[in-house]
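My numbering puts the sequence shown at residues 3 to 183.
Note that beta-carbon positions come from the ideal geometry of N, C-alpha and C, so glycine has one too.
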Amino acid sequence: MTSSLPIIDMSKAYTERNELAKKVALGLENEGFIFIDNVAKLDYDGLFRACKWFFDKPIEFKRTVMRNFWNPENSNIYRGYFPITEGEPSRKEGFEFARDVRYDDVTVAKNNWFYEKFPWQKEDGEFPFKEFLQESYEILHNTALEILKLVAIGLGIEENIFEDMFLDKPCSSFRIMHYPP
Numbered sequence: 003m004t005s006s007l008p009i010i011d012m013s014k015a016y017t018e019r020n021e022l023a024k025k026v027a028l029g030l031e032n033e034g035f036i037f038i039d040n041v042a043k044l045d046y047d048g049l050f051r052a053c054k055w056f057f058d059k060p061i062e063f064k065r066t067v068m069r070n071f072w073n074p075e076n077s078n079i080y081r082g083y084f085p086i087t088e089g090e091p092s093r094k095e096g097f098e099f100a101r102d103v104r105y106d107d108v109t110v111a112k113n114n115w116f117y118e119k120f121p122w123q124k125e126d127g128e129f130p131f132k133e134f135l136q137e138s139y140e141i142l143h144n145t146a147l148e149i150l151k152l153v154a155i156g157l158g159i160e161e162n163i164f165e166d167m168f169l170d171k172p173c174s175s176f177r178i179m180h181y182p183p
């Protein structure tokens with residue numbers, strides 16, 4: 003039996019809300035996955051430029067944000083750059099970050115890896131890497147919140163039921179990947 007992922011057109015999130023909500027809930031129930039399309043304000047070409055800008059940099063540059071596992075001089079454990087590991091079945095390198103949480107936020111344990119302060123690398127003025135990725139993170143985070151609302155509507159429960167779990171301090175990561183030839 004073959005099936006295809008339901009395509010969720012986010013441009014219809016307000017104009018055809020109930021129909022889209024049913025499609026989201028059914029897609030997740032039946033397929034387990036959905037394909038999200040037409041995310042407003044997301045600059046796909048800019049994301050490609052950001053990936054190219056970062057992954058074209060020399061390894062010395064990437065070491066400044068490399069995870070502690072590969073560079074013990076760095077304190078970041080959960081997020082940052084990870085290099086290609088030869089012999090691994092998936093030959094890739096990546097860069098992972100999240101929303102910064104203030105150092106003085108007493109509601110977050112200092113040793114909680116999900117909220118570690120990320121040491122962004124210095125930029126060369128060629129591309130606004132940090133600013134662009136942080137803006138993209140917020141766009142995608144808000145899209146995820148909207149999808150959660152659609153799930154709730156599709157399930158017939160209160161629209162904002164999931165919001166408190168993700169609104170203030172999300173622990174989701176944004177990862178860019180490079181699979182070299």
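For residue i, the residue or residues it bridges with in DSSP
i: HIS180; result: GLU95
i: TYR83; result: MET68 and PHE97
i: ASP47; result: Paired residues: none, contrary to the question.
i: ILE36; result: BP columns for ILE36 are empty, so no partner.
i: ILE9; result: PHE37
Candidates the options: closest to residue i by CA position
i: ARG101; options: ILE36, SER138, MET167 and PRO8; result: SER138
i: ASP58; options: PHE131, SER92, THR87 and GLN136; result: PHE131
Beta carbon of residue i nearer than 8 Å to that of residue j
i: ASN78; j: PHE134; result: no
i: ALA15; j: GLY156; result: no
i: VAL41; j: THR109; result: no
i: VAL103; j: LYS171; result: yes
i: PRO8; j: GLY29; result: yes
i: LEU147; j: GLU165; result: yes
Span separating the alpha-carbon of residue i from that of residue j
i: GLU31; j: ASP45; result: 30 Å
i: TRP55; j: TRP72; result: 21 Å
i: ASP106; j: GLU128; result: 32 Å
Proximity test, residue i beta-carbon vs the ligand NAP heavy atom, cut-off 7 Å
i: ILE163; result: As presented, the structure is devoid of all ligands, the ligand NAP included, so that no description of it is given.
The region 140 to 154 contacting the region 8 to 22, beta-carbon criterion three pairs below 8 Å: yes
Stretch pair the region 27 to 42 + the region 74 to 82: three plus CB contacts closer than 8 Å: no
The region 171 to 178 in contact with the region 43 to 58 per 3-pair CB rule at 8 Å: yes
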